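Contents: one structure, followed by commentary.
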Amino acid sequence: MRRSGGAERVGVFVDGANLYHTTRALGFEVDFAAMLEFFGRSTYLVRAFYYTALLETEDYSPLRPLTDWLAYNGWQVVTKPAKQQSDPTGRVRLKGNMDVELAVDMLELAPQLDHAVLFSGDGDFRRLVEAVQRMGVRVTVVSTVRSQPPMIADELRRQADAFIDLAEIAPDLTRRQTEPRTRAPAQPAAPRPGRATPADPYGDAAPEPEA
1 MRRSGGAERV GVFVDGANLY HTTRALGFEV DFAAMLEFFG RSTYLVRAFY
51 YTALLETEDY SPLRPLTDWL AYNGWQVVTK PAKQQSDPTG RVRLKGNMDV
101 ELAVDMLELA PQLDHAVLFS GDGDFRRLVE AVQRMGVRVT VVSTVRSQPP
151 MIADELRRQA DAFIDLAEIA PDLTRRQTEP RTRAPAQPAA PRPGRATPAD
201 PYGDAAPEPE A
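Read the sequence shown against UniProt numbering and you will find it ends at 211, with the numbers running on by one and no gaps.
This is the structure:
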């Protein structure tokens, strides 16, 4: 049941790593304060979640400044420890799947929502979207088909009640423009040491959407 006054009750669920690589492919960075404002303009924003794995070193985590800011500015931040792994080219990426945490929170909050907005292109969420829809909640998925290859899995897009291409709402969410990135096939190279950095907190490899 909607709140008195008819404002739609909305929950926002952001797969942090997936959103990072999607915006990087499109060439912009998200202003997360603007994102809250965007969804709060004509709806009742029940809660906004941001999910990410954190690489904890002795003195620094590349994502800590972002997650601290989000936690102090209206976001519910959900984290767990990540691991660094090197791919065959020597590039370092973070490994830390947050799918379960996101699914549990969406299912728990569903009775209080009319509409769930999922920022992810991960096909693993198709079953979650279906389950939440059976609870009477409309689900919108935000990702992009304008990158090469597209960042959203086809089965997730088909399951959602609505799909928004992130490129279309970028002007409402943009922090600053960057150069779009295309993901070229990995070339064999000698392994080299590396680590995630503040400029590239998730490492240099983008997640592949599930087929």
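Cβ coordinates follow ideal geometry from the N, Cα and C atoms, glycine included.
Quantities reported herein were computed from a predicted structural model and do not represent experimental measurements.
Same chain, Cβ closer than 7 Å to residue i, five either side skipped, listed in chain order
{"i": "A162", "result": "T140"}
{"i": "A34", "result": "D172 and L173"}
{"i": "G16", "result": "Y50, Y51 and T52"}
Which of helix, strand or coil DSSP assigns to residue i
{"i": "T23", "result": "helix"}
{"i": "Q174", "result": "Looking at the sequence shown, residue 174 is not Gln but Thr. T174: strand per DSSP, three-state reduction."}
{"i": "L113", "result": "coil"}
{"i": "L70", "result": "helix"}
{"i": "I152", "result": "coil"}
{"i": "V14", "result": "strand"}
Residue burial classification, residue i (beta-carbon count within 10 angstroms, cutoff 16)
{"i": "P62", "result": "buried"}
{"i": "G136", "result": "exposed"}
{"i": "W75", "result": "buried"}
{"i": "P188", "result": "The predicted model places P188 with a pLDDT of 41, which falls under 50 and marks its position as unreliable; any figure quoted below should be read in that light. Counting Cβ neighbours within 10 Å, P188 comes out exposed, since fewer than 16 surround it."}
{"i": "V14", "result": "buried"}
Anticipated Cβ contact below 8 Å, residue i with residue j, distance rounded
{"i": "T67", "j": "V77", "result": "5 Å"}
{"i": "A53", "j": "A82", "result": "3 Å"}
{"i": "R146", "j": "A167", "result": "5 Å"}
Closest residue to residue i among the options (Cα-Cα distance)
{"i": "A144", "options": "R9, M98 and N18", "result": "A small fix is needed here, since residue 144 is Thr in this sequence, not Ala. Nearest C-alpha to T144: N18."}
{"i": "R9", "options": "L26, R47, M98 and F28", "result": "R47"}
{"i": "Y50", "options": "N73, D165 and G6", "result": "N73"}
{"i": "A103", "options": "G11, K95 and R24", "result": "G11"}
{"i": "Q148", "options": "L166, L26, M98 and V129", "result": "L26"}
{"i": "L107", "options": "F119, D165 and V129", "result": "V129"}
Close beta carbons around residue i, own chain, < 8 Å, minus the five adjacent residues each side
{"i": "F39", "result": "V10, V12, L45, A48 and V117"}
Sequence-distant residues of its chain with Cβ nearer than 6 Å to residue i (five each side left out)
{"i": "R158", "result": "none"}
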